[in-house]
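The sequence shown finishes on residue 273 if you use the working numbering, and the numbering steps up by one all the way, no holes. Don't be surprised by glycine CBs; every beta carbon is placed ideally from N, CA and C. Note that the structure is a prediction, hence the values are computed from the model and not measured. The block underneath contains the structure these notes are about, expressed in structure tokens.
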Amino acid sequence: MTHEHTETPLPEEFGAEYWDGRYASSERIWSGNPNPALVTEAADLAPGRALEVGSGEGADTLWLAERGWEVTAIDISAVGLEKAAAHAAGRSPEAAARITWRQADLTVWAPPEGAYDLVTAHYLHFHPKVRAVVFPALADAVAPDGTLLLVSHALRDLADGVPRPPWPEMFHTAEEMADLLPGERWAMVTLEERPRTAVYDGVEYTIHDLVVHARRRV
């Protein structure tokens, strides 16, 4: 599949100021439901230590904590983290007590190696050079016999007319993700583009999630 590049400038990054402004603009910008791929891929995992990256308003984090996970939730936005923490505390104080909220910029911070039984991130889209640093760091944070779950918007969404930022460089392919996880170290559980229905501005689309679920070998 090929894509024509537009003349739209590619952003250097969507930093803390951008995301603080977006989270402050509305009481809730996401659905409040956990991402479908997380529910599908992680429902049968035994609870342990989890790192949830790009936690936003906390729906994925809370879903994990309610199932017994001890979760470290990372986001670049202090506003998003405050909203997530307040929502979690109001809904389930017991689950909220299992969550550590931390503001961090993945372009300058990396999680400790081998520290988590589950590392999960949804819809992290970076420049290729940044992606080549961030994703391996997330993989390194998975403990032996632990799980890595990376879910992205599939590149094909651009060609299918789904409303996405018009920057192909910010997307990646299944092959690129597979190359990130060498077979001697990882057992691939799921590597697929998974369709689902989504509504944007009142229009229904079939979108595709690129789901990468891998188990780190002992």
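Query, Result
"Which listed residue (E248, F181, D195 and V217) has its alpha carbon closest to that of G70", "F181"
"Backbone secondary structure at R271 - three-state DSSP", "strand"
"Beta-carbon gap between H263 and R249 smaller than 8 Å", "yes"
"Local Cβ density within 10 Å of S80, reported as buried at 16 or more and exposed below that", "exposed"
"Cβ-Cβ separation, V266 to A92 (assumed contact under 8 Å), whole Å", "5 Å"
"Continuous beta strand (DSSP E) stretch holding G201: start and end", "V197 to H208"
"Three-way DSSP call (helix, strand, coil) for L173 in this model", "strand"
"Inside the region 227-263 only - alpha helix (DSSP H) runs reaching at least 4 residues", "229-235"
"Whole-Å CB distance - I129 paired with V108, under 8 Å assumed", "5 Å"
"Which residues DSSP lists as bridging I131, in chain order", "Partner(s): none; I131 has no beta bridge."
"Spatial distance of Q158 from I131 (CA atoms)", "5 Å"
"Where R271 falls, given that 16 or more other Cβ within 10 Å makes a residue buried", "buried"
"Rounded C-alpha distance that separates L203 from E82", "31 Å"
"Residue environment, N90, which counts as buried when at least 16 other CB atoms sit within 10 Å", "buried"
"Distance, K138 Cα to R77 Cα", "12 Å"
"E121 - DSSP class collapsed to helix/strand/coil", "helix"
"Neighbourhood of Y255 by C-beta, 6 Å cutoff - its chain only, sequence neighbours within 5 removed", "P218"
"Endpoints, the beta strand (DSSP E) within which V108 is located", "R104 to V108"
"Three-pair Cβ contact test at 8 Å for the region 164-173 versus the region 133-152", "no"
"According to DSSP, residues forming a beta bridge with V217", "Answer is none; V217 lacks a bridge partner."
"Start and end residues, alpha helix (DSSP H) containing W74", "A71 to A79"
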